[in-house]
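Take a look at the structure set out below.
Protein chains in written order, with the numbering used here: chain E, 5 to 183; chain H, 798 to 926.
The structure is reproduced here in structure tokens:
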């Protein structure tokens with residue numbers, strides 16, 4: 005079968021996934037989690053919510069650096085704590101562009117399925133489809149995708165170069181410099 | 798009027814897509830790259846009129862790419878607009894990078910990007926208005 009031509013694959017740093025499963029008031033719970041993390045300047049590189057009948061799951065990923073603070077915050081919330089689950093080591097694999105076609109998602113899921121690689125979350129944005137899987141299996145996941153997809157010549161998957169953090173910008177009087 | 802080619806370089810595919818869509822809506826042709834090495838490949842292949850170049854990227858960062866372009870007599874005329882997350886701290890287009898590289902870009906725009914402002918900058922350097 006002809007491979008799908010893609011423009012790129014991007015891999016994240018190691019992250020921790022926090023799941024909020026079957027909370028009786030999922031929208032309120034999600035709002036609370038977002039507020040807690042926002043107030044404490046914890047970024048979520050990935051956030052997805054799913055609903056099937058009465059089964060709901062909200063999953064978000066935070067950096068390992070923020071994992072302890074994030075879990076402490078959730079542990080301190082009696083309304084959230086019973087529904088919280090954690091995957092300690094996950095990574096994001098983003099493949100792009102999907103070009104508003106469902107084909108890339110379908111082929112990605114087939115590739116992961118054939119290789120027996122778990123998918124803990126899926127989301128799409130403007131260009132990529134992003135899948136969450138075990139961090140230790142990201143390279144294996146890339147190899148599985150490359151059975152079905154073709155990157156441009158001489159191009160390898162890119163790894164995130166920077167981590168976005170929330171902090172105040174400090175003005176430097178001498179004209180500014182990269183931190 | 799010929800459509801001018803703009804190369805958009807950033808390791809965030811969503812940003813590349815958003816900027817590309819905006820440029821295409823204004824009649825520009827767009828090439829895309831996701832790190833510094835790919836950017837150089839595209840520069841050599843397609844010779845863009847202008848680069849929209851992120852600073853912080855894997856493999857080869859935007860400072861290095863800009864520095865190399867401006868030192869290369871074959872490519873130094875390519876206009877470079879740097880995207881920087883520290884734009885508010887920058888008052889000139891000269892950046893001192895921690896590696897000691899001094900880069901003289903033609904312009905810069907801070908992240909998060911104001912697309913309308915970016916279009917103004919691009920149009921000011923190109924014939925298309």
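Glycine is no exception: its CB is placed at the ideal position from the N, C-alpha and C atoms.
Nothing here was measured: the structure is a model prediction, and the numbers come from that model.
Exercise for the section: Give the interface partners of residue 98 of chain E over in chain H, defined as CB-CB distance under 8 Å, in chain order. Expected result: Scanning chain H for C-beta atoms nearer than 8 Å to the C-beta of residue 98 of chain E yields 810, reported in chain order.
Handout entry: Boundaries of the beta strand (DSSP E) in which residue 23 of chain E is found, first to last residue
Key = Counting along the chain, the beta strand (DSSP E) containing residue 23 of chain E begins and ends at 19-25.
Exercise for the section: Could you pull out every residue in the same chain whose Cβ sits closer than 6 Å to the Cβ of residue 921 of chain H, ignoring the five residues on either side in sequence? Expected result: No residues qualify anywhere along the chain.
Handout entry: Buried or exposed (CB count within 10 angstroms, at least 16 for buried), residue 29 of chain E
Key = Taking all protein chains shown into account, residue 29 of chain E has fewer than 16 neighbouring C-beta atoms within 10 Å of its C-beta and is therefore exposed.
Practice task
Indicate whether residue 208 of chain E and residue 19 of chain E have their beta-carbon atoms separated by less than 7 Å.
Solution key: Because residue 208 of chain E is not part of the residues shown, which for chain E are 5 to 183, the question remains open.
Problem - Proximal residues of chain H, C-beta to C-beta of residue 101 of chain E below 8 Å - result: Neighbours of residue 101 of chain E on chain H, chain order: 810, 814.
Exercise for the section: Would you please verify whether the beta carbon of residue 132 of chain E is less than 7 Å from any beta carbon of chain H? Expected result: Yes, residue 132 of chain E counts as interfacial toward chain H.
Exercise for the section: Grab me the residues of residue 27 of chain E's own chain with a C-beta within less than 6 Å of its C-beta, minus the 5 sequence neighbours each way, in chain order. Expected result: So the qualifying residues of the chain are 33, 87.
Practice task
Determine, using beta carbons only, whether residue 833 of chain H and residue 868 of chain H come nearer to each other than 7 Å.
Solution key: Cβ distance not < 7 Å, so residue 833 of chain H and residue 868 of chain H don't count as in contact.
Exercise for the section: Using three-state DSSP, classify residue 835 of chain H as helix, strand or coil. Expected result: In this structure, residue 835 of chain H counts as helix in the three-state DSSP scheme.
Exercise for the section: Examine chain E for any beta-carbon lying closer than 7 Å to the beta-carbon of residue 851 of chain H, and answer yes or no. Expected result: No, residue 851 of chain H lies away from the interface with chain E (no Cβ there is under 7 Å from its Cβ).
Problem - Short CB-CB distance (under 7 Å) between residue 243 of chain E and chain H - result: With chain E covering only 5 through 183, there is no way to say anything about residue 243 of chain E.
Handout entry: For residue 127 of chain E, the nearest candidate out of E:141, E:143, E:121, E:110 (CA to CA)
Key = The residue with the shortest Cα to Cα distance from residue 127 of chain E is E:110.
Handout entry: CB contact check: residue 9 of chain E to chain H, cutoff 7 Å
Key = The Cβ of residue 9 of chain E sits no closer than 7 Å to any Cβ of chain H.
Exercise for the section: In the DSSP assignment, find the alpha helix (DSSP H) that holds residue 142 of chain E and state where it starts and stops. Expected result: Under the DSSP assignment, residue 142 of chain E falls in the alpha helix (DSSP H) whose first and last residues are 142-150.
Practice task
Give the straight-line distance between the Cα atoms of residue 100 of chain E and residue 904 of chain H, rounded to the nearest whole angstrom.
Solution key: So the alpha carbons of these two residues sit roughly 29 Å apart.
Practice task
Taking the CB atoms as reference points, tell me whether residue 842 of chain H and residue 825 of chain H lie closer together than 7 Å.
Solution key: Taking 7 Å as the cut-off, the Cβ atoms of residue 842 of chain H and residue 825 of chain H do not count as close.
Practice task
Would you verify that the beta carbon of residue 832 of chain H is, or is not, closer than 7 Å to some beta carbon of chain E?
Solution key: So yes, residue 832 of chain H belongs to the interface.
Exercise for the section: Run the CB neighbour count on residue 39 of chain E, radius 10 Å, all protein chains shown included, and call it buried at 16 or more, exposed below. Expected result: Answer is exposed; the Cβ neighbour count stays below 16.
Practice task
Report yes if the CB atom of residue 145 of chain E is closer than 7 Å to the CB atom of residue 121 of chain E, and no otherwise.
Solution key: Yes, these two residues count as a Cβ contact at 7 Å.
Exercise for the section: Compare the C-beta of residue 12 of chain E with all C-beta atoms of chain H and state if any pair is closer than 7 Å. Expected result: At least one chain H Cβ lies under 7 Å of residue 12 of chain E.
Practice task
May I have the straight-line CA-CA distance separating residue 60 of chain E from residue 54 of chain E, to the nearest angstrom?
Solution key: For residue 60 of chain E and residue 54 of chain E, the distance between alpha carbons rounds to 6 Å.
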